[in-house]
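Protein chains: 2
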Amino acid sequence: MNRSELFDAIKRKKSFLCVGLDPVIDRMPDYLEGDVLGFNKSIIDATRDYCVAYKPNTAFYEALGLDGLTILKETIDYIGDDHLVIADAKRGDIGNTSRQYARAAFEIWGADAITIAPYMGSDSVQPFLDFPGKWVILLALTSNVGSQDFQLMRDQNSQQPLYETVMRKAAEWGSPDQLMYVCGATHPEYFAELRKIVPDHFFLVPGIGAQGGDLQAVCRHGMNDHCGLLVNSSRGIIYASDGEDFAEAAGVAAKVLQVKMEGALATFLP
Amino acid sequence: MNRSELFDAIKRKKSFLCVGLDPVIDRMPDYLEGDVLGFNKSIIDATRDYCVAYKPNTAFYEALGLDGLTILKETIDYIGDDHLVIADAKRGDIGNTSRQYARAAFEIWGADAITIAPYMGSDSVQPFLDFPGKWVILLALTSNVGSQDFQLMRDQNSQQPLYETVMRKAAEWGSPDQLMYVCGATHPEYFAELRKIVPDHFFLVPGIGAQGGDLQAVCRHGMNDHCGLLVNSSRGIIYASDGEDFAEAAGVAAKVLQVKMEGALATFLP
Chain Y
3 MNRSELFDAI
13 KRKKSFLCVG
23 LDPVIDRMPD
33 YLEGDVLGFN
43 KSIIDATRDY
53 CVAYKPNTAF
63 YEALGLDGLT
73 ILKETIDYIG
83 DDHLVIADAK
93 RGDIGNTSRQ
103 YARAAFEIWG
113 ADAITIAPYM
123 GSDSVQPFLD
133 FPGKWVILLA
143 LTSNVGSQDF
153 QLMRDQNSQQ
163 PLYETVMRKA
173 AEWGSPDQLM
183 YVCGATHPEY
193 FAELRKIVPD
203 HFFLVPGIGA
213 QGGDLQAVCR
223 HGMNDHCGLL
233 VNSSRGIIYA
243 SDGEDFAEAA
253 GVAAKVLQVK
263 MEGALATFLP
Chain Z
3 MNRSELFDAI
13 KRKKSFLCVG
23 LDPVIDRMPD
33 YLEGDVLGFN
43 KSIIDATRDY
53 CVAYKPNTAF
63 YEALGLDGLT
73 ILKETIDYIG
83 DDHLVIADAK
93 RGDIGNTSRQ
103 YARAAFEIWG
113 ADAITIAPYM
123 GSDSVQPFLD
133 FPGKWVILLA
143 LTSNVGSQDF
153 QLMRDQNSQQ
163 PLYETVMRKA
173 AEWGSPDQLM
183 YVCGATHPEY
193 FAELRKIVPD
203 HFFLVPGIGA
213 QGGDLQAVCR
223 HGMNDHCGLL
233 VNSSRGIIYA
243 SDGEDFAEAA
253 GVAAKVLQVK
263 MEGALATFLP
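Sequences listed follow chains Y and Z, in order.
First residue of the first sequence? That's 3 in the numbering used here, and the numbers climb one at a time after it.
First residue of the second sequence? That's 3 in the numbering used here, and the numbers climb one at a time after it.
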C-alpha cells in the first residue's frame with residue numbers, strides 16, 4: 003500500500019486508526035483457551051471497518067513459543083491486502099544482518115512495514131529501504147518514559163535534540179513514500195516542531211489510550227495534507243473486555259476512536 | 003554463567019573468543035543441502051574448545067522461515083551449559099513489550115544473554131535486567147560505518163558523545179555482574195576511554211575479521227582484571243571454507259584466534 007493508497011483508505015474510512023495486535027494469553031478470555039490466532043481473527047473481524055492499519059508487535063509472538071511466528075504470519079495473512087500491516091519489531095543491525103531481518107519481515111511474515119531502531123545509523127536502516135513497495139518506520143521520539151534518557155539530548159553543534167537529528171538524517175535516506183517516523187502521543191507539545199522537521203512524512207503515533215496521550219493535540223499540530231498520521235491503539239481496543247464480548251467491545255472501542263478521527267479529519271485536514 | 007565463572011572459563015581455555023553463529027544457506031557447503039542445524043553442530047563441535055561463548059544472531063534464524071526459531075533453540079540446546087550463549091537480537095521496546103522479548107530469549111530460546119538497543123531508554127532495558135542470572139549486552143559504540151551517524155554526537159551540556167552517555171547511564175541500571183556493552187573493534191582508538199568510563203564491565207567486541215578491527219589494540223586498551231573482553235568472530239570462522247572441510251577450517255580459524263588471545267592474556271591481563 004503506497005502513500006496515496008493509504009491516504010485514499012483514510013478518506014474512505016474516515017479513520018487513521020492502527021490497531022495494535024499484542025496478544026497476551028493471560029489477558030485473553032478464558033474460554034478461548036489460549037487460541038491466539040482465533041483471538042486475533044475475532045479482533046480483526048470486529049475492527050476491520052474502523053482502521054486502516056494493523057500493527058502486530060513481534061515481541062508478543064516470540065513470547066508465545068517457537069510457533070509464535072507462524073501465528074504472526076497467519077494473522078498477517080488473515081488481515082489481507084486492504085490494510086497496511088506493520089511488523090512492530092524495532093530491529094536494526096549491521097547491513098548484512100539487517101538484510102536478513104528485512105527478508106523475514108517482508109518476504110516470510112508478509113508485512114508491508116517494519117519499525118526500526120536508529121541507533122546503529124544509515125547502513126542498519128538502508129537494507130529495509132531497499133525493498134520496493136515496503137515501508138520503514140523509524141523510531142524518533144517514542145512514547146515511553148525512557149524516551150527522555152537519550153532522545154532529548156542536544157547536539158553541541160546543531161543544538162538539535164537527538165530525535166530531530168535522527169529525523170533529519172533519515173529524511174535523506176528515505177522519501178515520504180517509503181519512510182515514516184514513530185512519534186509518541188505522550189509528547190503532543192512537540193508535534194508542531196516535528197511537523198516542521200519533516201512536513202510530508204507519515205508519523206506512526208503510539209501512546210493514546212493506556213499511555214495517556216492526547217489525540218486532539220496530536221492532530222492539531224501533526225496533520226498534513228495527506229493526513230500524515232497513523233494513530234495506534236493496542237490495549238485500549240484488544241482488551242476493552244475480557245469477557246465473551248471481547249470482540250464486540252474491541253469493535254466499539256475502535257469505532258469510538260474512528261468517530262473522533264472523523265471529527266479530527268473534518269477539523270484539521272488542510 | 004556469572005562473571006567469575008566466565009573469567010574462570012577464559013583462564014582455563016586461554017581464550018575470550020565468542021563465535022558468531024550466523025548461518026546463511028547460500029554460503030554453506032552445497033552437500034549440506036541447507037541443513038542449518040547440522041552446519042551449526044559441526045561448527046560448534048569444531049570450535050568448542052577454543053571459545054567461551056557463542057553468539058547466534060536472531061536475524062539469520064528469522065530469515066530461515068517460520069521454523070527458524072526452532073533451529074535457534076536446538077542450536078542453543080546443543081551448545082550446552084559450558085559456554086555463554088548470547089542471543090544477538092538488538093531488541094528494545096516499552097516496558098511491557100521488552101518483558102515479552104526477555105521471556106522469549108531467556109525462557110523459550112534458552113539464551114544466557116541478549117543484545118539490546120538503548121534508544122528507548124531505561125524502561126526498555128530494565129525488564130531484561132530483571133531476569134536473575136541473565137545478562138544484558140547493550141549497544142554502545144558499534145562496529146559499523148553507521149555508528150558515526152548518531153553515536154558520536156556530543157551532548158551540549160556534558161560534552162559527552164552519545165555512546166558515553168549510554169554507558170554511564172546504563173551503569174546505574176546494571177552492575178558488571180549483569181550488564182555488558184557492545185564496543186566495536188573498528189574503533190580501537192576509543193578503547194582506553196571506554197575502559198575509563200566503565201572499568202569493570204565486560205565488552206562484547208565485534209568487528210575483528212571481516213570488518214577489519216585490530217585485536218591487539220583492543221586488548222592493550224580494553225582488558226581489565228577479569229579480562230573484560232569477549233571478542234567475536236562470525237564470518238571469519240564459520241565461512242573459513244565453503245568445502246567439505248568447513249568445520250575443520252572453522253576449528254583452525256578459531257584456534258588461530260585462541261592462540262592470539264592466549265598471547266594477549268599473557269601480555270595484557272593485569
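Every residue gets a Cβ at the ideal spot worked out from N, C-alpha and C, and that includes glycine.
Using a Cβ cut-off of 7 Å, pull out every chain Z residue sitting near residue i, in sequence order please.
i: Gln180 of chain Y; result: Near Gln180 of chain Y there are no residues of chain Z at all, since even the closest Cβ is about 18 Å away, more than 7 Å.
i: Lys57 of chain Y; result: Within 7 Å Cβ-Cβ: nothing; Lys57 of chain Y doesn't reach chain Z, min ~12 Å.
i: Thr72 of chain Y; result: Leu68
i: Arg105 of chain Y; result: Ala65
i: Ser126 of chain Y; result: Asn146, Gly148
i: Gln158 of chain Y; result: Arg156, Asp157, Gln158, Gln161
i: Ile45 of chain Y; result: Under the 7 Å cutoff, chain Z gives no residues; its nearest Cβ is about 18 Å from Ile45 of chain Y.
Count the other CB atoms, across all protein chains shown, that sit within 10 Å of the CB of residue i; report buried if there are 16 or more and exposed otherwise.
i: Asp227 of chain Y; result: exposed
i: Asn146 of chain Y; result: buried
i: Lys92 of chain Y; result: buried
i: Ser17 of chain Y; result: buried
i: Lys198 of chain Y; result: exposed
i: Arg170 of chain Z; result: exposed
i: Ser177 of chain Y; result: exposed
i: Ser236 of chain Y; result: buried
i: Thr269 of chain Z; result: exposed
i: Pro163 of chain Y; result: buried
i: Tyr63 of chain Z; result: buried
i: Asp151 of chain Y; result: buried
i: Pro190 of chain Z; result: buried
i: Arg14 of chain Z; result: exposed
i: Pro25 of chain Y; result: buried
i: Ser160 of chain Z; result: exposed
i: Glu348 of chain Y; result: The question about residue 348 of chain Y has no answer here: the residues shown for chain Y are numbered 3 through 272.
i: Gly70 of chain Z; result: buried
i: Gly40 of chain Y; result: exposed
List the residues of chain Z whose Cβ lies closer than 8 Å to the Cβ of residue i, in chain order.
i: Thr188 of chain Y; result: Result: empty, since nearest Cβ-Cβ is about 11 Å, beyond 8 Å.
i: Thr167 of chain Y; result: Phe152, Met155
i: Thr99 of chain Y; result: Asp24, Asn59, Ala61, Phe62
i: Asp114 of chain Y; result: Within 8 Å Cβ-Cβ: nothing; Asp114 of chain Y doesn't reach chain Z, min ~17 Å.
i: Asp32 of chain Y; result: Within chain Z, no residue comes near Asp32 of chain Y; the closest Cβ sits about 20 Å away, beyond 8 Å.
Which residue from the options puts its Cα closest to that of residue i?
i: Asp95 of chain Z; options: Z:Thr72, Z:Asp114, Z:Arg50, Z:Tyr121; result: Z:Tyr121
i: Ser126 of chain Y; options: Y:Leu141, Y:Ala113, Y:Gly135, Y:Asp114; result: Y:Leu141
i: Gly148 of chain Z; options: Y:Trp137, Y:Phe108, Y:Ala119, Y:Gln153; result: Y:Ala119
i: Ile239 of chain Y; options: Y:Pro272, Y:Tyr56, Y:Thr77; result: Y:Tyr56
i: Gly245 of chain Z; options: Z:Lys13, Z:Glu35, Z:Asp10; result: Z:Glu35
i: Thr49 of chain Y; options: Y:Pro190, Y:Val261, Y:Asp69, Y:Ile139; result: Y:Val261
i: Leu131 of chain Y; options: Y:Arg156, Y:Ala251, Y:Ala104, Y:Ala61; result: Y:Ala104
i: Asp10 of chain Z; options: Z:Met155, Z:Val54, Z:Asp202; result: Z:Val54
i: Ser243 of chain Z; options: Z:Gln180, Z:Glu166, Z:Ala255, Z:Asp69; result: Z:Ala255
i: Gly67 of chain Y; options: Z:Gly215, Z:Ala194, Z:Trp111; result: Z:Trp111
i: Thr144 of chain Z; options: Z:Ser100, Z:Gln161, Z:Asp179, Z:Phe193; result: Z:Phe193
i: Arg29 of chain Y; options: Y:Lys43, Y:Phe248, Y:Thr60; result: Y:Phe248
i: Thr99 of chain Z; options: Y:Gly253, Y:Ala172, Y:Thr72, Y:Ala65; result: Y:Ala65
i: Asn42 of chain Z; options: Z:Lys75, Z:Gln161, Z:Leu19; result: Z:Lys75
Could you list which residues in chain Y have their beta carbon closer than 9 Å to that of residue i, in chain order?
i: Met122 of chain Z; result: Lys92, Ala119, Leu141, Thr144, Asn146, Gly148, Ser149, Asp151, Phe152, Gln153
i: Asp28 of chain Z; result: What Asp28 of chain Z touches in chain Y: nothing, since even the nearest Cβ is about 12 Å away.
Within its chain, find whatever has a CB closer than 6 Å to the CB of residue i; leave out the 5 residues flanking it on each side and keep chain order.
i: Gly230 of chain Z; result: Phe204
i: Cys221 of chain Y; result: Ala266, Phe270
i: Val168 of chain Z; result: Pro120, Ala142
Give the residues of chain Y in contact with residue i, contact being defined as C-beta atoms less than 8 Å apart.
i: Lys136 of chain Z; result: The premise fails here: Lys136 of chain Z is roughly 15 Å from chain Y at the closest Cβ pair, so nothing lies under 8 Å.
i: Leu164 of chain Z; result: Phe152, Met155, Leu164
i: Ile110 of chain Z; result: Glu64, Ala65, Gly67, Leu68
Residue i versus chain Z: which residues are under 9 Å apart at the beta carbon?
i: Leu131 of chain Y; result: Simply none; closest approach about 13 Å.
i: Ile210 of chain Y; result: The premise fails here: Ile210 of chain Y is roughly 14 Å from chain Z at the closest Cβ pair, so nothing lies under 9 Å.
i: Lys13 of chain Y; result: Neighbours of Lys13 of chain Y on chain Z: none; closest Cβ ~31 Å, over 9 Å.
i: Asp216 of chain Y; result: Near Asp216 of chain Y there are no residues of chain Z at all, since even the closest Cβ is about 18 Å away, more than 9 Å.
i: Lys262 of chain Y; result: Going along chain Z, no residue has its Cβ under 9 Å from Lys262 of chain Y, so there is no contact; the nearest lies around 23 Å.
Mind pulling the chain Y residues with CB within less than 7 Å of residue i?
i: Thr79 of chain Z; result: Sequence inspection shows Asp at residue 79 of chain Z; the Thr mentioned does not correspond to that position. In chain order: nothing, as chain Y lies at least about 12 Å away.
i: Lys171 of chain Z; result: Asp151
What does a CB cutoff of less than 7 Å around residue i pick up in its chain, not counting 5 residues either side in sequence?
i: Ala332 of chain Z; result: Examination of residue 332 of chain Z is not possible in this model, given that chain Z is present from 3 through 272 alone.
i: Ile210 of chain Y; result: Ala187, Leu217, Val233, Ser235
i: Gly82 of chain Z; result: none
Looking only at its chain, what residues have a beta carbon closer than 8 Å to the beta carbon of residue i, apart from the 5 residues adjacent to it on each side?
i: Ser6 of chain Z; result: His228
i: Trp175 of chain Z; result: Ser124, Val127, Gln128, Leu131, Leu181
* Residue ranges of each beta strand (DSSP E) run of no fewer than 3 residues wholly in the segment 111 to 170 of chain Y, ordered along the chain? -> Whole beta strand (DSSP E) segments, 3+ residues: 115 to 118, 137 to 143.
* To do: List in chain order: all unbroken beta strand (DSSP E) runs of 3+ residues lying wholly within the segment 201 to 237 of chain Y.
  => With a minimum length of 3 residues, the continuous beta strand (DSSP E) runs that stay inside the segment 201 to 237 of chain Y are 204 to 207, 231 to 235.
* Asked: Where are the alpha helix (DSSP H) runs, 4 residues long or more, that stay fully inside the segment 61 to 100 of chain Z, in chain order?
  -> Within the segment 61 to 100 of chain Z, the complete alpha helix (DSSP H) segments at least 4 residues long are 70 to 81, listed from N- to C-terminus.
* Whole alpha helix (DSSP H) runs in the segment 3 to 68 of chain Y with 4 or more residues, listed along the chain? -> Within the segment 3 to 68 of chain Y, the complete alpha helix (DSSP H) runs of at least 4 residues are 5 to 15, 38 to 49, 60 to 64.
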